[in-house]
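Offset between the sequence shown (1-based) and the numbering used here: plus 1249.
Where is the CB? At the ideal position from N, CA and C, for every residue including glycine.
Since the structure is predicted, the reported quantities are computational estimates derived from the model, not experimental observations.
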Amino acid sequence: MTTTPSVPSENPFSRPPITVPEIASWKRRPYGGTASPESSPSGGPERRPLVMVTAYDVASARAAEAAGADMVLVGDSLGMVVLGYDTTLSVTVDDIVRHTAAVRRSLRTPLVVADMPYLSFHISPEETVRNAGRMVVEGGAAAVKVEGGAKRVRTIEALLDAEIPVMGHIGLTPQSINAFGGFKVQGRIPEAAERLVEDAKALEAAGVFSIVLECVPHELARLITRSVGIPTIGIGAGPHCDGQVLVFHDIVGFTTGKRPKFVRTFANLQEAANQAVSAYAAAVREGDFPTLDESYSLPPEVARVLAEKYGSG
Ligand code: KIV
1250 MTTTPSVPSE NPFSRPPITV PEIASWKRRP YGGTASPESS PSGGPERRPL VMVTAYDVAS
1310 ARAAEAAGAD MVLVGDSLGM VVLGYDTTLS VTVDDIVRHT AAVRRSLRTP LVVADMPYLS
1370 FHISPEETVR NAGRMVVEGG AAAVKVEGGA KRVRTIEALL DAEIPVMGHI GLTPQSINAF
1430 GGFKVQGRIP EAAERLVEDA KALEAAGVFS IVLECVPHEL ARLITRSVGI PTIGIGAGPH
1490 CDGQVLVFHD IVGFTTGKRP KFVRTFANLQ EAANQAVSAY AAAVREGDFP TLDESYSLPP
1550 EVARVLAEKY GSG
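The structure is reproduced here in structure tokens:
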């Protein structure tokens, strides 16, 4: 048995739920953040860097809510940090739907974006819409994210036609790992950099409401950010994007092995978890857990009846 998770009543920022149009129009706000602005202010509520974090379950969703995150991505990074695969390629639509629903039940404010996994949007527009529709209807996502640039325009149009908002994702797109030959920084040669600028413009023209830029040089991320009117959300793309995203497990120190240079670990929960579970195991072995205070007792009259019948065990 465990304690029941409850939906957080309020986050410290106490805002109404964040919507797709709010994010899409983010760059039309006057700048009020701490990083340098990448587009000129033009009125409306104040702008600051957007905060996105991945979440997969109740605990990570609650942390996102408590931090006042603007967006939560139920990323296909799920496959690596939760399910133990070496890549994201084995993640299924069922996986994303189930974890999106868990996150949705645990959140109030952030916009929930579900990641479309490998092969969920590559076969046909019909299959794409059916898969994304499950993420919205069964998972409760407000939008989906699709990896890829200009070649995804038809896919994006089909989704928008079905009223499903889309977030783009270019640069190091992990579903292309076999085509890229590994997890490598993208856009380091002129043709590749130009292609990424054109990809971002094509995605904007197709109607995405924001674009994730993953593992690209910061100068290129700045150029792309200046080239589009929708917010860019960077991961390994430097400080000039309109927002940032990190994987929850990286932030809290649940991931092990060699970390990419863009990951900053803000806590070491794995060490804390190891210590807690080791302390529990030691207490069990030494007979220190549970104590009678941590146990239930029989009503005295029931204890008496049992003792009369069976003796006092
Ligand atoms: O799957 C994921 O977590 C992602 C982010 C890293 C952007 O796509």
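Query                                                                                                                                                        : Result
Output yes or no for whether 9 Å exceeds the beta carbon distance between A1392 and V1361.                                                                   : yes
Can you check the segment 1452-1500 for any alpha helix (DSSP H) of at least 4 residues that lies completely inside it and give the ranges in chain order?   : 1467-1476, 1497-1500
So I1473 and A1273 are supposed to be a Cβ contact under 8 Å. How far apart are they, rounded?                                                               : Not a contact, Cβ separation roughly 16 Å.
Would V1494 and M1301 be called neighbours here (beta carbons separated by less than 9 Å)?                                                                   : yes
Roughly how far, in whole angstroms, is the beta-carbon of I1405 from the beta-carbon of G1456, given that I think they are within contact range, below 8 Å? : 6 Å
Around the Cβ of K1276, are there at least 16 other Cβ atoms within 10 angstroms (buried) or fewer (exposed)?                                                : buried
Ordered along the chain, which non-local residues of its own chain (more than five positions away) have a Cβ less than 6 Å from that of S1288?               : Any answer about S1288 is weak, because its pLDDT of 47 lies below 50 and its placement is not dependable; what the coordinates show is given next. Closer than 6 Å at the Cβ level, and outside the excluded window around S1288, lie K1276.
Helix, strand or coil for H1371 per DSSP?                                                                                                                    : coil
Just to check, is the beta-carbon of D1325 closer than 8 Å to a non-hydrogen atom of the ligand KIV?                                                         : yes
Report the rounded CA-to-CA distance for G1485 versus E1387, giving the unit in angstroms.                                                                   : 32 Å
With a Cβ-Cβ cutoff of 9 Å, do T1341 and M1384 count as a contact?                                                                                           : no
With 16 other CB atoms within 10 Å as the buried threshold, where does R1437 fall?                                                                           : exposed
Along the chain, where does the beta strand (DSSP E) that runs through M1329 open and close?                                                                 : Premise fails: M1329 lies in the alpha helix (DSSP H), 1327-1330, not in any beta strand (DSSP E).
Quick test of your reading: L1408 and T1377, contact by CB under 8 Å. State the CB separation rounded to the nearest angstrom.                               : 7 Å
Helix, strand or coil: how does DSSP classify V1362 here?                                                                                                    : strand
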